[in-house]
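Novice: Structure in structure tokens, see below.
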Amino acid sequence: MSKAVLVDLTKCIGCKSCQTSCKQWNDLPAIKPQFDNTLSYPAETDGYTYTTVLHRTTEKNGQETLRFAKRQCLHCLEPACASACFAKAIQKTPEGPVVYNPDLCVGCRYCMLACPFSIPKYDWESVFPQIVKCQFCFDREGTHDRIGHGMEPACVNACPTGCLKFGERDELLKEAWKRINKYSKYIKHVYGEKEAGGTSWLYIADVPFETFDFRTNVPNIPLSTYSHDYLKWSPAVFIGGGALLSALHFYTKRRNEIAKEKDKNHDINA
Amino acid sequence: MAGLANSFGRGAMTNHFNDYKNTDVFLVIGSNAAETHPMAMKWIQRAKELRGAKLIVADPRLTKTAAHADIFARHRPGTDIPFLLGIMNYAIQNNLYHKEYIANYTNASYLVNPNYGFQDGLFSGAGEKNGKFSYDKNTWQYQKDGETIKKDFTLEHPNCVFQLLKKHVSRYDIETVSKITGVPKDIYRNVCETFASTGAPEKSGNIIYAMGITQHTYGTQNVRAIAMLQLLLGNIGKAGGGVNAQRGESNVQGSTDLAMLSHLLPGYLGVPNATKHTCLQDYIEKETPPSGYWKNKPKFLISLLKAFYGEKATKENDFCFDWLPKVDGKNRSHMGIFQEMLDGNVKGLIAWGQNPAVGGPGAQFERKAMEQLDWLVVVDLFETETAAFWHGPGADPKNIKTECFLLPAAFSFEKEGSVTNSGRWIQYRYKAVDPPGEAKTDTWIADKLFKAIRKEYQNGGKFPEPILNMHWDYDKPGHDEPDIAKIALEINGYAVGENKPLDSFGKLADDGSTVCGMWIYTGYWAMDKDFKVAKCKRRSREDSGLGTFLKWSFSWPLNRRILYNRCATDPQGNPWDPKRALFKWNGTKWIANDVPDYNSKIAPEKSAQAPFIMLPNGNGRLFANGLADGPFPEHYEPMESPVSNIISKQQNTPCASVFKGDWAKIAELGDSRFPYVATTHRQLEHYQSGAVTRNTPSLVEVCPWMYVSLSENLAREKGIKPGDEVWVETIRGKIKCLASVSPVVKPLTVNGKKIEVIGLPWHWGYQGMSTGATANDITPAVGDGNTSIPEYKAFLCNIRKA
Ligand code: SF4
Ligand code: SF4
Ligand code: SF4
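Chains H and L, in that order, give the protein sequences.
For reference, each letter of the first sequence is one residue, going 345 to 614 in the working numbering.
For reference, each letter of the second sequence is one residue, going 9 to 810 in the working numbering.
As structure tokens, this is what we get:
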């Protein structure tokens, strides 16, 4: 039995309650994002933001319309990020959440490369940078725990429309298909049922998932199998201070610079 | 509010949020519920899921509400009247209106003076009074036989209200409406068919509106058009029906009830006029109608005077009527005050939880007006633009002599008390946290301020009696804060000598034996026998299935959840839809799922004769002769419009409330400098003038930049790219902000001409964590002829790359 959230995008009104309640529950700092033409702020999850609501204009029945999608870590059933992490800083818990433990993190950022959904972000500004991603409000015995205390996640709790529903994955999956079969408006696809071997966050919608740039070409087999093979020799390289890490270092440094450039004047009090 | 009160008798939302789940068809016009009332959206979606309800959204912008519409009609700002009258015309032409309902429950059958007429955009009686346009309303009166109004229940008589209405709206056919509004004909026809389908007795249609309807020079008539459409289709008084005005703030209904408006005393009693009402008897005689529930007005007023002046108010001294502040006939609304301030006639201003430096029309000029003040007191959570008007753009502190005080106030979660929501539910809430620093509750500030003022008057002053003798007894021994329970008891009302809250305003008297601060709330503080708490503190989820939740809080008046609910059944007492029966007459008594808004002790056929108990004649008004600008709504162009009125020669409403000076400058028809239509709006991330939200980091983060929405087409024409800085200019000034280019707005085809529309959120100013241009710096100071509400929602502008 593992916990999951069903996101029914036909009900989302783009109110961002999920987003702000996540910030508050998790004591994340607010930043001042750059202007975004769609008014999604921030335009994607970042080093301070576990979740953001994407706003998109699209067409339906010959008229323009708006649709919204809350985006965060999908909590894969077999997470590539966790397999990529030789330090075991990211782990899949039996309850469902894929959680990150900063105490074990060595800052290699393999998880960022491994995630097929480009979810983990890096807290570039901090002196001791951390990986940043939705923890599914799971922090057993920790200050930010909800799931462990039998509560629903903060974002689900704040959602006024029933767009977010928390429960057991198999039951929510059944419900998703029930809704799809009952109402003709839905696309016949539960995003997350099979993607990357299945995820704990499931999406249904009445517009194609490409509207929100959700990757629809992710293989249906767990990517963890790949990443393990691919990265299994990396600790050795790490010990040897090998070339891959240097390359990675260069790569992340560059990204670091770009991101810093972007983050300029982001301080909310500026 | 004036539009509702003149149609139904009360200026309030008829139904309530939970009731939306009972609706078959929603028409959301001039409201963006998804952003401004997200909880309303929950119930709209529930209705869609449970009943397959249809949602029609009429809005110039593709809003987050429109995103969920089954039919989205993009109409030009300021064309709500043709849009609504066209639906009425469609319903009448196609026989879709609720005939039995209008014949019995409205004034459709009343015969109007045969000399009543309408020509070239003006009603009969047009003329001038004191150099101002005004209507002589003689021809708008009903025909009478002695005291009885003449009626024709067949609705065939050429002078009956129904026939006059039919004729009036017949000019608004689909073709014409489409030309004026810019809504394509097929979409508009679909709107008409879908909404008029709720004229079937067993169907419920619900119209939801907000500031997009009211903030026009004919805002009151916009509301009237909504009210009339709902009467015509028989949608008032029913579960799932109603005219649902969504108020702009969580407690704005409460503050309106308690007389926030300049022409009212608490409980919608008109403020006495210095020349018209020389004594209490005068007021009572002139302002008390002979029939309808308002005939009890003297009881409410005298109980109010007892609340104000306590023991000092006696029969012998007219209950101190002379001490009540009076109006003098001048415009004392927001714009009226600022006009006087601009002219240097106002010495001091207390801006209490209000931020006119951002929210007022022509805000830059309102800031200028404040420079004329000797003193300014601002009561707010943060140093708002109003508190800091002296260092706004263009202001030179060296030349400003105004002495400014900022009193830090507690936020709603930092104090205890009741909040009245749009649906009239008075819900009590408790303090969650203490206010920070020196911040104090509004009651504390009011209490201390009053006591300090009274102390000053003890040393003399002009007309000190009302202040020195004001009944003011809210102290709580051992506490610094006034006793909320004492205030609540006074609002609720009690019998002199007893300290027990009355349970009904039926018990108020006009002999000075009762005290009541606001009659419409009576009962909210009375003890619930089962729960042993004041009724507004109840939290029972017990329900009939219709969502009336009669034991959750208290809804004014007398816990009635749906107003005018006599109309929920036919005259014999059979519910129009047995599945959503608010009431049913079982032959001897009413089976009820709501508190009757009528006399339930008399036979149903009898109460059916006057279901709108607050109106003198008891019938809903399709024709209303109480307003300044006409018994029926008529389309006029906004004061600033890019097109001529095609329905009549009358370009603008002749009754608009106009002001003088730069802030009231109006661009003329055809001014090529300002070719585009602008409208202001709110959005969910920020609240009103942003005083709180622009100081809350997690809310600043979700929308940090002031922007203007423009169409892809206009952006291409002007070489504007997303994120570019642009100037938006009106005849009154210009502001700079960022461009958001998307199909949120699109050009409309108005009478063959392409009209671009732009949207401006009005939440920004120069204070706080997120600063940006103030949209209201460039809005016009011109208002509705009945209420003086400013025309924020339709004006002309230009846009160019900065
Ligand atoms: S979505 Fe990415 S970060 Fe989240 S569990 Fe899956 S692989 Fe890991
Ligand atoms: S589950 Fe918790 S951490 Fe994840 S987005 Fe929701 S509130 Fe944030
Ligand atoms: S809280 Fe719910 S409705 Fe609001 S944006 Fe988030 S998912 Fe959508």
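Quick reminder that beta carbons are idealized off the backbone N, C-alpha and C, glycines included.
1) Should the region 694-704 of chain L be regarded as contacting the region 350-366 of chain L, the criterion being three or more beta carbon pairs within less than 8 Å?
2) From the DSSP output, in three-state form, read off Gln659 of chain L for me.
3) With a threshold of 16 other CB atoms inside 10 Å of the CB of Glu473 of chain L, please say whether the residue is buried or exposed.
4) For Gly776 of chain L, would you say it is in contact with chain H, using Cβ-to-Cβ distances shorter than 7 Å as the test?
5) Using a Cβ-Cβ cut-off of less than 8 Å, list which residues of the region 499-516 of chain H approach chain L; keep chain order.
6) Ser748 of chain L CB to nearest chain H CB: under 7 Å?
7) Please report the straight-line C-alpha distance between Ala503 of chain L and Thr264 of chain L, rounded to a whole angstrom.
8) Could you check where the alpha helix (DSSP H) with Ile188 of chain L kicks off and where it finishes?
9) Should Cys412 of chain L be listed as close to ligand 1, given that the test is whether its C-beta is under 6 Å from any heavy atom?
10) Kindly list the residues whose CB is nearer than 6 Å to the CB of Ala13 of chain L, restricted to its own chain and excluding five residues on each side of it in sequence; keep chain order.
11) Is there a Cβ of chain H sitting closer than 7 Å to that of Cys711 of chain L, yes or no?
12) Check the Cβ-Cβ distances between Trp367 of chain H and every residue of chain L, and say whether any is below 7 Å.
13) Taking Leu237 of chain L and Ile215 of chain L to be in contact with their CB atoms under 8 Å, please state how far apart those CB atoms are, rounded to whole angstroms.
14) Give the residues of chain H in contact with Ser706 of chain L, contact being defined as C-beta atoms less than 8 Å apart.
15) Measuring CB atoms only, is the region 463-471 of chain H touching the region 14-34 of chain L, in the sense that at least three cross pairs come out at less than 8 Å?
16) Is Gly506 of chain H near ligand 3 - that is, is its Cβ less than 6 Å away from at least one heavy atom of it?
17) Between L:Thr556, L:Ser426 and L:Trp770, which has its C-alpha nearest Asn29 of chain L's C-alpha?
18) Look up Val790 of chain L in the DSSP assignment and say whether it is helix, strand or coil.
19) What runs of the beta strand (DSSP E), each 3 residues or longer, lie entirely inside the region 442-496 of chain H?
20) For ligand 2, I want to know if Tyr394 of chain H counts as a neighbour, meaning its beta carbon is within less than 6 Å of at least one of the ligand's heavy atoms.
21) Quick test of your reading: Ala41 of chain L and Gln254 of chain L, contact by CB under 8 Å. State the CB separation rounded to the nearest angstrom.
22) Could you spell out the range, first to last residue, of the alpha helix (DSSP H) harbouring Glu136 of chain L?
23) Would you say Trp735 of chain L and Lys729 of chain L are within 7 Å of each other, going by their C-beta atoms?
24) From the DSSP secondary-structure annotation, give me the bridge partner or partners of His689 of chain L.
25) How about Tyr444 of chain H and Ile475 of chain H: are their beta carbons less than 7 Å apart?
26) Are any of the Cβ atoms in chain L nearer than 7 Å to that of Phe379 of chain H?
27) Taking 7 Å as the limit between beta carbons, can you name the residues of its chain near Ser552 of chain L, skipping five residues before and five after?
28) So, with DSSP's three-state summary, where would you put His399 of chain L?
29) Between Leu448 of chain H and Ala424 of chain H, which are expected to be in contact by the criterion C-beta below 8 Å, what is the C-beta distance as a whole number of angstroms?
30) Would you grab the beta carbon distance between Thr256 of chain L and Gly213 of chain L for me? Rounded to a whole angstrom, and I think it's under 8 Å.
31) What does DSSP give as the partner residues of Ala503 of chain L in its beta bridges?
32) The beta strand (DSSP E) spanning His399 of chain H covers which residue range?
33) Pair every Cβ in the region 362-378 of chain H with every Cβ in the region 497-505 of chain H, then say whether three or more of these pairs are closer than 8 Å.
34) With distances taken Cα to Cα, identify the nearest neighbour of Thr87 of chain L among L:Lys614, L:His643, L:Pro166 and L:Met714.
35) If you follow the beta strand (DSSP E) that Glu408 of chain H is in, where does it begin and where does it stop?
36) I'd like the span of the alpha helix (DSSP H) that includes Tyr113 of chain L, first residue to last.
Specialist: Answer, in terms of the structure:
1) yes
2) In the second sequence, counting from the first residue as 1, residue 659 of chain L sits at position 651. Of the three classes helix, strand and coil, the one that applies to Gln659 of chain L here is coil, per DSSP.
3) To locate residue 473 of chain L, count along the second sequence from 1; it is residue 465. Classification of Glu473 of chain L: exposed, given that the 10 Å Cβ count is below 16.
4) On the second sequence, residue 776 of chain L is found 768 positions in, with the first residue counted as 1. By this cut-off, Gly776 of chain L is not an interface position.
5) From the region 499-516 of chain H, only Pro504, Thr505 and Gly506 have a Cβ closer than 8 Å to chain L.
6) The count along the second sequence starts at 1 and reaches residue 748 of chain L at position 740. Interface residue, yes.
7) Sequence index remark: in the second sequence, residue 503 of chain L carries index 495 (1-based). Sequence index remark: in the second sequence, residue 264 of chain L carries index 256 (1-based). Taking the straight line joining both Cα atoms gives about 25 Å.
8) For the purposes of this step, residue 188 of chain L is identified with residue 180 of the second sequence, where counting begins at 1. If you look at Ile188 of chain L, you'll find it in the alpha helix (DSSP H) that goes Ile182 to Thr189.
9) The sequence position of residue 412 of chain L within the second sequence is 404, counting from 1. No; taking the cut-off as 6 Å, the Cβ of Cys412 of chain L has no heavy atom of ligand 1 nearer than that.
10) In the second sequence, the residue the question calls residue 13 of chain L occupies position 5. The answer, listed in chain order, is Gly19.
11) The residue given as residue 711 of chain L occupies position 703 in the second sequence. Output row for Cys711 of chain L: interface = yes.
12) Looking up residue 367 of chain H in the first sequence gives position 23. Looking at the sequence itself, residue 367 of chain H is Lys, so the reference to Trp does not match. Output row for Lys367 of chain H: interface = yes.
13) Position 229 of the second sequence, counted from the start, is the residue given in the question as residue 237 of chain L. Position 207 of the second sequence, counted from the start, is the residue given in the question as residue 215 of chain L. Yes, Leu237 of chain L and Ile215 of chain L are in contact; Cβ-Cβ is about 7 Å, under 8 Å.
14) On the second sequence, residue 706 of chain L is found 698 positions in, with the first residue counted as 1. Within chain H, the residues near Ser706 of chain L are Thr364, Lys367, Gln368 and Ala374.
15) no
16) Your numbering for residue 506 of chain H matches position 162 in the first sequence. In this structure, Gly506 of chain H has its CB at a distance of at least 6 Å from all heavy atoms of ligand 3.
17) For the purposes of this step, residue 29 of chain L is taken as residue 21 along the second sequence, with counting starting at 1. For the sequence presented, residue 29 of chain L should be read as Lys rather than Asn. Nearest of L:Thr556, L:Ser426 and L:Trp770 to Lys29 of chain L, Cα basis: L:Thr556.
18) For the purposes of this step, residue 790 of chain L is taken as the residue at position 782 of the second sequence. Strand at Val790 of chain L.
19) 442-444
20) Within the first sequence, residue 394 of chain H is the residue found at index 50, counting from 1. Checking every heavy atom of ligand 2 against the Cβ of Tyr394 of chain H, one is found closer than 6 Å.
21) As a first step, residue 41 of chain L is located in the second sequence; it is residue number 33 there, counting from the start. As a first step, residue 254 of chain L is located in the second sequence; it is residue number 246 there, counting from the start. That belief holds up - the Cβ atoms of Ala41 of chain L and Gln254 of chain L are roughly 6 Å apart, short of 8 Å.
22) What you label residue 136 of chain L is simply residue 128 of the second sequence in a count that begins at 1. Where Glu136 of chain L is concerned, there is no enclosing alpha helix (DSSP H), although the beta strand (DSSP E) it sits in stretches over Ala134 to Lys137.
23) If you number the second sequence from 1, residue 735 of chain L lands on position 727. If you number the second sequence from 1, residue 729 of chain L lands on position 721. No, the pair does not count as a contact, with Cβ atoms beyond the cut-off.
24) Against the second sequence, residue 689 of chain L aligns to sequence position 681. Note: His689 of chain L sits in a beta bridge opposite L:Pro769.
25) In the first sequence, residue 444 of chain H corresponds to position 100, counting from 1. In the first sequence, residue 475 of chain H corresponds to position 131, counting from 1. Yes, these two residues count as a Cβ contact at 7 Å.
26) Reading the first sequence from its first residue, position 35 is the one you call residue 379 of chain H. Closer than 7 Å to some Cβ of chain L, the Cβ of Phe379 of chain H qualifies, so yes.
27) In the second sequence, residue 552 of chain L corresponds to position 544, counting from 1. Same-chain partners within the cutoff: Asn601.
28) The residue given as residue 399 of chain L occupies position 391 in the second sequence. Three-state DSSP puts His399 of chain L in a helix.
29) As a position in the first sequence, residue 448 of chain H is number 104, starting the count at 1. As a position in the first sequence, residue 424 of chain H is number 80, starting the count at 1. At roughly 18 Å, the Cβ-Cβ gap does not stay under 8 Å, so Leu448 of chain H and Ala424 of chain H are not in contact.
30) As a first step, residue 256 of chain L must be located in the second sequence, where it is residue number 248. As a first step, residue 213 of chain L must be located in the second sequence, where it is residue number 205. A quick correction: the sequence has Gly, not Thr, at residue 256 of chain L. Rounded, the Cβ-Cβ distance is 24 Å, inconsistent with contact.
31) Indexing the second sequence from 1 puts residue 503 of chain L at position 495. Bridge partners of Ala503 of chain L according to DSSP: L:Thr522.
32) On the first sequence, residue 399 of chain H is found 55 positions in, with the first residue counted as 1. Thr396 to Lys404 is the span of the beta strand (DSSP E), which, as asked, contains His399 of chain H.
33) yes
34) Reading the second sequence from its first residue, position 79 is the one you call residue 87 of chain L. It is L:His643.
35) By 1-based counting over the first sequence, the position of residue 408 of chain H is 64. Boundaries of the beta strand (DSSP E) around Glu408 of chain H: Gln407 to Arg415.
36) Residue 113 of chain L sits at position 105 when you count from the first residue of the second sequence. Lys107 to Tyr113 is the span of the alpha helix (DSSP H), which, as asked, contains Tyr113 of chain L.
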